[in-house]
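Numbering (our numbering), first residue to last: 106 to 826. Encoded as structure tokens, the structure appears first; notes follow it.
Structure, rendered in structure tokens:
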């Protein structure tokens, strides 16, 4: 075994990159080739680095002695590339790989796929969740494979741990610049060594690749992340998304998220692609999920409308919730809500002090005084998604909610309705007075809406925000959509550039909405977000929304941090606060003495102020995940800013933050390589893990058929309203 410097390793990586990419097939069912290896090599932590690494990698980020990374070494003279078997026929995802099991027909086909099981374990303390996700990949085929799985995680997840598990061996993944990690992975894959690569495609969409799984063998991948919980109208909310919803990408787009049928790799023309099981197909993939809740006070109530769960320890401060084995198909978001006992906490601040430097997260609750202040006249702009993905129950839910909201309008208010699919059309040329007759006409307009076609959402955003502001009314814009689009950055940029003083509220509809898009729209738009699942009562949720906007927002918020020296706070500008909807702020600080923090703002012309005590030195190591939560919020702020400010060097700044804090990002990736032995076999086949369409979403109106990739779908009945 020879030792080599990192400079020599990276030099060889770059030199062979073009050759390797030409040899490696990445499509579903495609072959990838193995070149003759000289042998595995290790890097020492004391090894030198390239100039590029010195700029990007933080001190101590090089692999330790027991971490294994791969470098390609020039093949010995006479050693050639191993060719695929000529007898193999692998059209699409492979005839050998995708044939129905004996005794099953196409109507009830159980499709063999390498992802066998996902196990999720979450622990919640205060309002921070730490989560471990273990994906179990097993090869059911007769030759070795590479498994490729596109999957979701929470959009605010700070991913900081990655381990590949082979039997009783654990190979800890290393975080690298994404291009460097991909080169290491593909080099190891081409030489027949087991390897795993985790990359981020969107803040809530990731790709897991596991190379050289031998027939009948298993490789597990363990992912660790942290995130803060939402607090919604008295309930804390933990969400674990289970499936990526099928996205629509505007014509000409190539860096979106494509939705294609199983075995139709490359059909969408997008840089990221999700394959979906066809109607009547079922894979063996299931999921187990357990959540331990330790808020420090008794948990009074648990609610999980998305799934069937088992609960232990209710009315105590140690509650365990487990997903029922009868509800283990991963085709919808897991949404768990719980209410704690005692009086409502007005503020909650967690700190972590490391020497003189500290990190904090601050859940800022609106003062109760605001609930006594009534609203002024408003202008409501209702925007409803009528694209093909909303067909059936989702459009019916959205229509019920919208009609209820229109019915709540008062004399002096005004409203507008905008529907969008392939284009955007309005109820009236301009907002109309909320008279009884106009309200009845608006409800009839909503009744006539049907779902079908594409999701040209940017046109709707522009239409909703284009009108000049009304000096007499506060404008609220509400989007009711599943958010199934691939051009999120374009939408967020338009929201920022077109607000004109409006406040934007997002309503996510369905079992697996695009929470990243909807959360960020509400944040940039100084509003709030709510989600209506297939088992939720849309009228209850819309009534809470109307109650929320019936009280003025707390605006112009200022925070006096007392003796704390606070810096690098995110979000940089504190958003407006609404009754029942706190916001989470993260930052860095110096100082360890107890102090008083004071929050002030204005609501309906009144000054509102509240204060609370903070003792950052009391529990110096209790919340050591806060630095990663802060870094994740910092990265999110940079990503948002990049949608409207092209002057910043986004990739460089995100790389530095991510590498310094050991986090996944769009520009960093985790890679793990097992260099203990080369797997048997002359070639392997890449297998995309196909997933079910989300519960309540119609396959026919969302997944591109082979003859009409990228086209819009025909109109479809919207189901009962």
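For every residue, glycine included, the Cβ atom is placed at its ideal position computed from N, Cα and C.
- A straight-line Cα-Cα distance of about 47 angstroms links residue 338 and residue 245.
- Residue 580 and residue 803 have their C-alpha atoms spaced approximately 34 angstroms apart.
- It is roughly 33 angstroms from the alpha-carbon of residue 267 to the alpha-carbon of residue 633.
- Taking residue 699 as reference, the option from 768, 683, 722 and 284 with the minimal CA-CA separation is 722.
- Scanning the segment 331-358 for uninterrupted beta strand (DSSP E) segments of 3 residues or longer gives 335-337 and 340-345, listed from N- to C-terminal end.
- Within its own chain, the residues whose Cβ lies closer than 7 angstroms to the Cβ of residue 544, once the five positions on either side in sequence are excluded, are 511, 512 and 514, listed in chain order.
- When secondary structure is reduced to three states using DSSP, residue 776 falls in the strand class.
- In the three-state reduction of the DSSP assignment, residue 561 falls in the coil class, being assigned neither a helical nor a strand state.
- Between the C-alpha atoms of residue 556 and residue 258 there is a straight-line separation of about 28 angstroms.
- Residue 764 has its alpha-carbon roughly 14 angstroms from the corresponding atom of residue 278.
- In this structure, residue 453 sits near residue 231, with a CB-CB distance shorter than 8 angstroms.
- The closest CA to that of residue 445, considering only 591, 495 and 424, is found on 424.
- DSSP, read as helix, strand or coil, puts residue 289 in helix.
- With contacts defined as CB atoms closer than 8 angstroms, residue 379 and residue 393 fail to qualify as a contacting pair.
- Per DSSP, reduced to three states, the secondary structure at residue 262 is coil, with no helix or strand assignment.
- Segment contact: the segment 606-620 against the segment 493-511, three or more CB-CB distances shorter than 8 angstroms; contact assigned.
- Pairing residue 795 with residue 418, the inter-Cα distance amounts to about 37 angstroms.
- Counting along the chain, no beta strand (DSSP E) covers residue 648; the unbroken alpha helix (DSSP H) around it starts and ends at 643-654.
- In the DSSP assignment, residue 526 falls outside any beta strand (DSSP E), carrying neither H nor E.
- Here residue 770 has 305, 740, 759 and 763 as same chain residues with Cβ atoms under 7 angstroms from its own Cβ, once five neighbours each way along the sequence are excluded.
- 8 angstroms or more divides the Cβ of residue 596 from the Cβ of residue 570.
- Under the DSSP assignment, residue 477 falls outside any beta strand (DSSP E); it carries neither an H nor an E label.
- Residue 383 and residue 499 have their alpha carbons spaced roughly 20 angstroms apart.
- For residue 636, the enclosing beta strand (DSSP E) covers residues 634-637.
- In terms of CA proximity to residue 585, 618 leads the group 658, 603, 618 and 593.
- Bridge partners of residue 592 according to DSSP: none are assigned.
- For residue 325, the closest C-alpha among the options 429, 273 and 554 is that of 273.
- Residue ranges of uninterrupted beta strand (DSSP E) with 3 or more members, entirely inside the segment 222-248 and ordered along the chain, are 233-243.
- Judged by DSSP in its simplified three-state form, residue 806 adopts helix.
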